[in-house]
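Below is one structure, written out as structure tokens, with a few remarks after it.
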């Protein structure tokens, strides 16, 4: 960190900002290299090291800044490198490419064609990051700094306007004004339930017991959601700043960030952020000379999905088995150690600084009537562009999947989007034009959840998907209450039977009734929402269930027990390709003669079906 | 501040002498350093178990008992926590931990096939360790690396965009040499 040892006032902060900006301007060019979990897995660290050594070799370290950033969200194309100015975007860069990039783009202002992104729709190279469809369709507010700063550098964050919202809150606003601002902005909890954040804060502010606690819920456990990981990895300070403002508004001076142990990089970056903020005096006693004191502790989760539920999370921080408690009393009255406690999700806290800086009216200008601002979705599954997408509330699924997402992978047909993870449901094609907000999703049996968005094509079996989620909730159920513990098991077993061709129409009726009971009778959100994947798939894909139960057939060709393979002797040219891949030698036949599959030997692995170029292998 | 715990008080009266001490050969002296700086209360149970597992690779019973003793928390509570969270292991684990992600994106991308191939190659089921203590095969609900799906993690290194053949190639690298391989598949 630069010269300043401690920030004692907003003037000190402004001075530090000036210094940081000046340091940034000293460089003529900047190379940002994504060092998020995804890009690291593809060699992002090697690319970073290669840039450092190549620039040192050429004596360019004073003119070109190398900046390893946090996750930029376009994980599928990693490792990602951006050269700024002019903002040239390179994808899937390897350490061997680095000398070429340095020689052409940094020294000669020429682009390296082979590293450019090709738009799958037009087939043309797109040199600039801002023109890439995946980014162009987004509105990045919470993610604004993801590719702009080094996550472990507090100077970078301050240089980009970081902690300005805190200074404004502490100096110009009363706690009531802050809560009013957040309420007026219409910010709702980004963890899933969508409860108005300002209202939650007010409950805690009005509680008369002290001390009060602020907790940041970073136990992101929904399969298919990773925006909280990205935020904690890339801009940990923005989450911290949101927590500080919340603490001031509610009169809390102790806080915890609960992060999954499965996110080691996030834990590392949050730890660094806490240490740096403490050194500068942005955490601790007498923050910015206002007398405010605020201490933040980091708590590592230990692998339990149920701890994402707020009361279970509190129990876990207290050092016990993470089982939920009945509500009321709500954490706002009796939370951590029996004291008033506010719990918000990572993304919710990250929304706070921009609201304070730009005002409630600005924020409320985005989104729909009841859902304001932007939402980050993690777009994965059978879609061209995988990654994190931040869009205003009210954007349609079609825009997210077919414009930003670039359409379906391998040109397959869209079947459904699974939204909200194991608590959510499937959205079928007929609702593609529905503007996404909390209410609209609920009305069709899905939920916003934490923003997981898994795209499924016609080769995905909806019964199998429901079974998959129930297997998950069944194993993650903490066992405290009966409806969830036994209900999830029963639902899973019924679904499992369907995928094996067992079960009757009566079972389907019973499954629906059981699902309703588990929904009504469970103690916490895990059990109350566990039936959603079942109910929504039955609601939208009943015919697929009936095909399994009545016709003993899996239309998507996924459920192995219901499959049989045979060869169409008209189409088979006898190329032997299928016979070669068959792991159990179940396929026989002479060269250039139609082949046959011995059903008694066949293990239904489907490799022959994938291999055949003449569509001669029939699956049904 | 942690709430007063009636159970903890009762336990203290009985004293540590009443605790059954399993002798599983774990060197308990290593625990002292590991627990350095942790406040002696129930809130420290999870961090203490995490640090102890870092030292021993798993949590032997005697270590659980010692932690209960050190933190002044009933052993039953410590055992309860150790068996609740997926991160904790009460049996020895292999040198290489193979973690298969079963998240939604990985599931849709063929995680089951990958798990099956690994089970077959290593000759063990999910949750088990090979007899030579080389590999432990585990699954995780979601690693949050969905864009790499299907993904596995071996010894902390991520391997993405896998199929059965690529997965086995990764395992081969670890079988041949014990060090983490430098090349990515």
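Chains as they are written, first to last, in this note's numbering: chain U, 2 to 621; chain Z, 25 to 209.
Using N, Cα and C, we set each Cβ at its ideal position, and we do this for glycine too.
In this text the structure is predicted, and so the values were computed from the model without any measurement.
Beta carbon proximity, residue i to chain U, threshold 9 Å
| i | result |
| --- | --- |
| residue 74(Z) | yes |
| residue 111(Z) | yes |
| residue 38(Z) | In this predicted model, residue 38(Z) has a pLDDT of only 45, less than 50, meaning its place in the structure is not dependable; the value taken from the coordinates is given anyway. Not one chain U Cβ lies under 9 Å of residue 38(Z). |
| residue 50(Z) | no |
| residue 120(Z) | no |
| residue 127(Z) | yes |
| residue 159(Z) | no |
| residue 70(Z) | yes |
| residue 189(Z) | no |
| residue 172(Z) | yes |
| residue 169(Z) | yes |
| residue 184(Z) | yes |
| residue 58(Z) | no |
| residue 197(Z) | no |
| residue 180(Z) | yes |
| residue 175(Z) | yes |
| residue 66(Z) | yes |
Whole-angstrom C-beta distance between residue j and residue i, which should lie under 8 Å
| i | j | result |
| --- | --- | --- |
| residue 219(U) | residue 263(U) | Not quite, the Cβ-Cβ distance comes to about 11 Å (not below 8 Å), so this is no contact. |
| residue 343(U) | residue 428(U) | That pair is no contact at about 32 Å. |
| residue 493(U) | residue 472(U) | 6 Å |
| residue 243(U) | residue 353(U) | 4 Å |
| residue 622(U) | residue 518(U) | For residue 622(U) there is no data in the structure shown, the boundaries of chain U being 2 and 621. |
| residue 463(U) | residue 369(U) | Wrong, their Cβ atoms sit about 28 Å apart, outside the cutoff. |
| residue 140(U) | residue 393(U) | 5 Å |
| residue 78(U) | residue 118(U) | 7 Å |
Three-way DSSP call (helix, strand, coil) for residue i in this model
| i | result |
| --- | --- |
| residue 579(U) | helix |
| residue 505(U) | coil |
| residue 312(U) | helix |
| residue 181(Z) | strand |
| residue 259(U) | strand |
| residue 204(U) | helix |
| residue 65(Z) | coil |
| residue 221(U) | coil |
| residue 619(U) | strand |
| residue 20(U) | helix |
| residue 403(U) | helix |
| residue 387(U) | coil |
| residue 39(Z) | Residue placement at residue 39(Z) cannot be trusted, given a pLDDT of 49 that sits under 50; what the coordinates show is reported in the next sentence. Correct three-state label for residue 39(Z): coil. |
| residue 64(U) | coil |
| residue 345(U) | strand |
| residue 463(U) | helix |
Test: residue i CB closer than 9 Å to a CB of chain Z
| i | result |
| --- | --- |
| residue 542(U) | no |
| residue 120(U) | no |
| residue 268(U) | no |
| residue 492(U) | no |
| residue 479(U) | yes |
| residue 318(U) | yes |
| residue 383(U) | yes |
| residue 511(U) | no |
| residue 461(U) | yes |
| residue 387(U) | yes |
| residue 91(U) | no |
| residue 265(U) | yes |
| residue 210(U) | no |
| residue 71(U) | no |
Identity of the residue in the options nearest residue i by Cα
| i | options | result |
| --- | --- | --- |
| residue 322(U) | 82(Z), 119(Z), 49(Z), 69(Z) | 69(Z) |
| residue 177(Z) | 138(Z), 83(Z), 200(Z), 145(Z) | 138(Z) |
| residue 221(U) | 122(Z), 166(Z), 104(Z) | 166(Z) |
| residue 601(U) | 567(U), 573(U), 616(U) | 567(U) |
| residue 179(Z) | 120(Z), 143(Z), 92(Z) | 120(Z) |
| residue 603(U) | 185(U), 194(U), 562(U), 572(U) | 562(U) |
| residue 423(U) | 411(U), 470(U), 434(U), 432(U) | 470(U) |
| residue 232(U) | 241(U), 224(U), 225(U) | 241(U) |
| residue 13(U) | 89(U), 544(U), 289(U), 123(U) | 289(U) |
| residue 557(U) | 307(U), 465(U), 503(U) | 465(U) |
| residue 195(U) | 614(U), 611(U), 461(U), 372(U) | 372(U) |
| residue 484(U) | 530(U), 113(U), 500(U) | 530(U) |
At what residue ranges does the stretch 511-558 of chain U contain a whole run of the alpha helix (DSSP H), taking only runs of 4 or more? 526-530, 533-550
Hey, which unbroken runs of the beta strand (DSSP E) at 3 residues or more fall wholly within the stretch 435-460 of chain U? 453-458
Please give the ranges of any alpha helix (DSSP H) in the stretch 105-139 of chain Z, keeping only runs that are unbroken, at least 4 residues long and fully inside the region. 128-132
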